[in-house]
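If you want my numbering, it's the position in the sequence shown, counting the first as 1, plus 16. For reference, the structure is listed below as C-alpha cells.
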Amino acid sequence: MRVAGVILIVIGAGAVVDSFARFALQGKGTPAPVAPPRKLVVTGLYRYVRNPMYVAVLAIIFGQAILFGDIGLAVYGALFWLACHLYVLLYEERQLKRTFGAQYDKFRTGVPRWIPRISPWHQPM
17 MRVAGVILIV IGAGAVVDSF ARFALQGKGT PAPVAPPRKL VVTGLYRYVR NPMYVAVLAI
77 IFGQAILFGD IGLAVYGALF WLACHLYVLL YEERQLKRTF GAQYDKFRTG VPRWIPRISP
137 WHQPM
C-alpha cells in the first residue's frame, strides 16, 4: 500500500507542475484569481479533466494518507475536495463562463469536472 501512496504523490506532483506550466506558458497567467490566464487552457491533462490541479493535489493528499496510514489525512482530503467543489461551482465556473463564453461552454460539455475521461478530448477551439 505504501508504494501506491508514493505513486499517487509522484503523479500528483507531476500533474501540478504540468498544470502550472500550462497556465503560465499557454494561458499567459497564473492559477491565482488575481492574475488568471488570459487564454483558456485546453491541452495536456485539461483534455481529460477540467480541474487537474485540484485532482492532482487530492492525489497528493490521499497518497500521503495511504503512505502514512493516516485517517486524519483522508478526512482532510475529503474536506479539501468539498471546499474545491464549492469554489468551482460558486465562483470559478461562473468566472470562466464570463471570461471565455462559448469557448468555455464547449470545453465544459466535452470534459468532466472531476472524474477524468478515458480518452483525450479533441475539439478545435
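All residues carry an ideal CB built from backbone N, CA and C; glycine is no exception. Computed from a predicted structure; not experimentally measured.
{"Asked": "Within a Cβ cutoff of 8 Å, which residues of the same chain sit near PRO128, ignoring the five residues on either side of it in sequence?", "Found": "VAL65, ARG66"}
{"Asked": "Counting along the chain, where does the alpha helix (DSSP H) carrying SER35 start and finish?", "Found": "18-41"}
{"Asked": "Hey, ALA72 and VAL32 are a contact pair by Cβ (cut 8 Å); roughly how many whole angstroms apart?", "Found": "5 Å"}
{"Asked": "For PRO47, does the three-state DSSP call read helix, strand or coil?", "Found": "coil"}
{"Asked": "For THR115, which three-state DSSP category applies?", "Found": "helix"}
{"Asked": "Hey, is the stretch 68-83 in contact with the stretch 25-44, meaning 3+ C-beta pairs nearer than 8 Å?", "Found": "yes"}
{"Asked": "Is the separation between the beta-carbon of PHE78 and that of LEU24 shorter than 8 Å?", "Found": "yes"}
{"Asked": "State the DSSP-derived secondary structure class of PRO68, mapped to helix, strand or coil.", "Found": "helix"}
{"Asked": "Can you give the beta carbon distance from ILE82 to GLY28, rounded, assuming they're within the 8 Å contact cut?", "Found": "With 8 Å as the limit, ILE82 and GLY28 do not qualify as a contact, their Cβ atoms being about 12 Å apart."}
{"Asked": "Do PRO53 and GLY60 count as a contact pair if the criterion is CB distance below 8 Å?", "Found": "no"}
{"Asked": "Excluding sequence positions up to five away, which residues of its chain have a Cβ less than 8 Å from the Cβ of ARG63?", "Found": "VAL127, ARG133, PRO136, TRP137, HIS138"}
{"Asked": "In the structure shown, what three-state DSSP assignment does GLY85 receive?", "Found": "coil"}
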